[in-house]
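Numbering (our numbering), first residue to last: 306 to 864. We put the CB at the ideal spot given by N, CA and C, even for glycine. As C-alpha cells, the structure follows; a few thoughts come after it.
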C-alpha cells in the first residue's frame with residue numbers, strides 16, 4: 306500500500322480553511338467562535354477540546370472517489386509524516402458488523418406543496434418578517450435540476466400545511482380559484498411537473514392529501530375523491546408517487562374541521578387504506594406524521610398525541626413518521642440565538658424525540674422504518690443562521706444521530722424555500738448545508754457501523770458508515786468538531802486516508818470550503834469536482850468544522 310504524506314504546518318495555516326490569513330485566537334468576547342458550551346449525555350463518541358488554532362495544508366490536486374471507494378491523488382512532498390499514534394483519536398469501528406442499514410435515499414428533502422402551487426410561505430429574513438405570497442417554483446430550471454441531481458437518489462416530499470387545504474383540479478375547470486372548503490389549487494400541469502422533476506433528478510415522490518372541510522361530507526367524514534384523482538393522475542402521467550402520509554401534522558390539525566380528534570383520524574385512515582387498495586396497492590402508507598410530543602416548538606403539547614394517533618390508526622402504517630425541529634425560529638417568537646448552535650444541549654435535542662417516537666413505533670408498527678418527514682434548524686422557516694455555515698455542525702451531527710434504524714429516512718425542510726432551504730430561493734445558490742449534504746451523499750453509505758461509545762472527553766463526534774461502491778470495503782467517518790476554539794487531530798489505524806474537510810472563514814458566512822477551496826456551482830448548477838486530500842498520519846479537524854475521513858478498511862460488513 307502506498308502511503309501519501311500530508312503534514313499540517315503553521316506556515317500553511319488557513320483560519321477555518323478559507324484563504325491565507327494571519328491566525329489570531331478569538332477573544333473571549335467574540336461570540337462567533339466562542340458560544341457558551343453546555344454539557345449533555347450522549348451515547349455517541351465524543352472527544353474533548355483544548356485551545357489551539359486550525360491549520361490546513363495547501364490543497365492537493367486530487368480527485369474524489371473513483372467509484373471503487375479509492376480516492377485518487379498525488380503525494381504532498383512538502384510535508385513531514387506524522388504518526389497516527391500522535392492523533393487525539395484513532396478512528397475505528399466496534400467489530401465488523403452493521404448496526405443498521407438506512408434507506409438508499411436516507412438523505413431526502415421537502416418541496417412544500419405551496420412552492421408547487423404558489424401561495425403564502427415563510428418570507429426570508431432579508432425580505433422582512435412573516436409570510437410572503439410567492440409564485441410557483443420553476444421545477445424546469447436547468448440549474449435547479451443539476452443541483453438536485455447532486456442529492457440523488459432521494460425522496461421528494463411534496464406536502465406541508467398548505468397541502469391540507471389544496472384542491473387538485475384534475476379537470477382543469479377551477480380557473481385557478483379554490484372551491485369552498487379549500488385554500489389553494491394544484492393544477493394537472495403543476496403535478497405533472499413534479500413528476501418530470503423527480504424523474505430528472507433520481508427522485509421518488511412522497512405526498513399527502515387535503516384534510517380541510519372541502520373533502521368532508523355533512524357528517525365530517527373524509528371523502529376520498531380528491532386523493533383518488535391525484536393517485537390516478539399520477540399513475541397515468543408517470544409521477545413516481547411511492548409513499549404518502551394521509552395528512553400533514555394531524556397532531557396540530559391546521560386545515561382540519563373544528564373538533565377533529567383521534568377517532569376521526571382513525572376513520573379517515575381506514576377510508577384511505579381502502580382507497581389505496583383499490584387504486585395503488587403498492588403505495589407505502591406513512592404516518593402519523595406526529596410532532597411536538599416531546600420538544601415543544603409552537604404549542605406546549607399536541608392537540609392529538611402521537612400515541613392516540615397510532616392507536617386510532619390500528620396498525621395502518623407501513624412506515625412510521627414524525628417531524629422534528631430543535632426549536633422554533635425568531636419569526637414565531639424564539640429568543641434563542643446563534644450562541645446555542647454548537648452546544649451539546651442543542652445538538653442532542655433530537656435524541657429525546659427519536660427515543661420517544663421509536664418506542665411508539667416499536668409498540669404499534671414493529672419493524673417499520675422510521676421516517677423523519679420534516680426537520681431543519683428551526684420551524685417557521687428557520688432562523689437567519691439556518692442559511693449560514695454555523696448550522697453545518699447540526700446538519701451533519703443530526704444525520705449521524707438519526708441513522709441507527711433499518712430503512713430510516715430524514716427529509717430536510719426545504720430544498721429551496723425560506724432561510725432553512727438547502728438552496729437560496731433567489732437564484733438557487735447553494736448554501737453551506739447543501740454542500741454538506743453532497744459530501745454525505747457521496748461518502749456515507751447505507752450501512753451504519755458502531756464506533757467506540759465511551760470517552761472521558763467531549764466536543765468531537767464520530768459516526769461511521771460503509772463507503773458507497775467501495776471495492777476495498779471502505780469505511781467513511783463523519784467527524785464533527787463542535788468546539789469553537791480547538792483543533793483536534795484524528796487518524797485511521799493504518800494512518801492512510803482520504804480527507805474531506807469542510808470549513809469556513811466565519812460561522813456567520815454563507816460560503817463553505819472543502820480542503821481550503823471555496824465550493825461553488827457552475828452557472829447551470831453543475832457541481833465542481835469533489836477532491837480529497839490524501840493523508841498519511843493525522844488529519845486536523847479545525848474548530849467548528851466537519852471532516853469526512855475515508856479509510857480502505859476491508860470491513861466485512863461493507864460489501
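Just so you know, the alpha carbons of residue 458 and residue 507 end up roughly 5 Å apart. Taking residue 768 as the centre and dropping the five residues before and after it, the same chain places the C-beta of 705, 783 closer than 6 Å to its C-beta, in chain order.
Spanning the alpha carbons of residue 538 and residue 757 requires a straight line of approximately 50 Å. Runs of the alpha helix (DSSP H) spanning 4 or more residues and lying entirely within the region 640 to 715 occur at 649 to 652, 654 to 669, 697 to 707, in chain order. Put simply, of 779, 805, 740, 487 the residue whose alpha carbon is nearest the alpha carbon of residue 831 is 740.
Between the alpha carbons of residue 573 and residue 526 lies a distance of about 7 Å. Under the 10 Å beta carbon count, residue 432 is surrounded by fewer than 16 other beta carbons and is classified as exposed.
As the crow flies, the alpha-carbon of residue 583 is around 11 Å from that of residue 529. According to the DSSP assignment, residue 770 belongs to the beta strand (DSSP E) that extends over 765 to 771.
Residue 755 and residue 440 have their C-alpha atoms roughly 46 Å apart.
Apart from sequence neighbours up to five positions away, the residues of its chain that approach residue 542 with a beta-carbon distance below 7 Å are 497, 500, ordered along the chain. Contact between residue 402 and residue 862 is confirmed by a C-beta separation of about 5 Å, below the 8 Å threshold.
In the same chain as residue 540, and ignoring 5 residues on each side of it, no C-beta atom comes closer than 6 Å to its own.
When only Cα atoms are considered, residue 390 and residue 796 end up about 8 Å apart.
Excluding its 5 nearest sequence neighbours in each direction, residue 509 has C-beta neighbours in its own chain below 6 Å: 460, 545, 547, listed in chain order. Comparing alpha-carbon positions, the option among 603, 799, 849 lying closest to residue 791 turns out to be 849.
Put simply, of 823, 837, 827 the residue whose alpha carbon is nearest the alpha carbon of residue 447 is 827.
Take the alpha-carbon of residue 443 and the one of residue 648: they are about 37 Å apart. Residue 521 is bridged by DSSP to 527. Nearest neighbour of residue 486 by Cα position, chosen from 553, 560, 428, turns out to be 560.
Burial check for residue 679: the Cβ neighbour count within 10 Å reaches 16 or more, so the residue is buried. When C-alpha distances from residue 491 are compared across 504, 514, 505, the shortest belongs to 514. When secondary structure is reduced to three states using DSSP, residue 422 falls in the helix class.
Residue pairing from DSSP places residue 550 in a beta bridge opposite 591.
The beta carbon of residue 420 sits closer than 8 Å to the beta carbons of 426, 439, 441, 442, 719, 721, 722 from its chain, once the five residues preceding and following it are set aside; these are given in chain order.
A Cβ-Cβ distance of about 5 Å is found for the pair residue 856 and residue 802, placing them in contact under the 8 Å criterion. A residue is called buried when at least 16 other Cβ atoms come within 10 angstroms of its Cβ; residue 592 meets this threshold and is buried. Counting the other CB atoms within 10 Å of its CB gives residue 522 a total below 16, which places it among the exposed residues. From the listed residues 734, 603, 396, the smallest Cα separation to residue 639 is found for 603. In its chain, beyond the 5 residues on either side, no residue has a beta carbon closer than 6 Å to the beta carbon of residue 664. Taken atom to atom, the span from the alpha-carbon of residue 413 to that of residue 715 is near 6 Å. For residue 615, same chain residues with a beta-carbon under 7 Å away, outside a window of 5 residues either side, are 593, 665, 669 in chain order. Spanning the alpha carbons of residue 673 and residue 661 requires a straight line of approximately 15 Å.
Distance between residue 608 and residue 626, taken at the CA atoms: about 17 Å.
When the Cα atoms are used, residue 455 and residue 563 turn out to be separated by approximately 43 Å.
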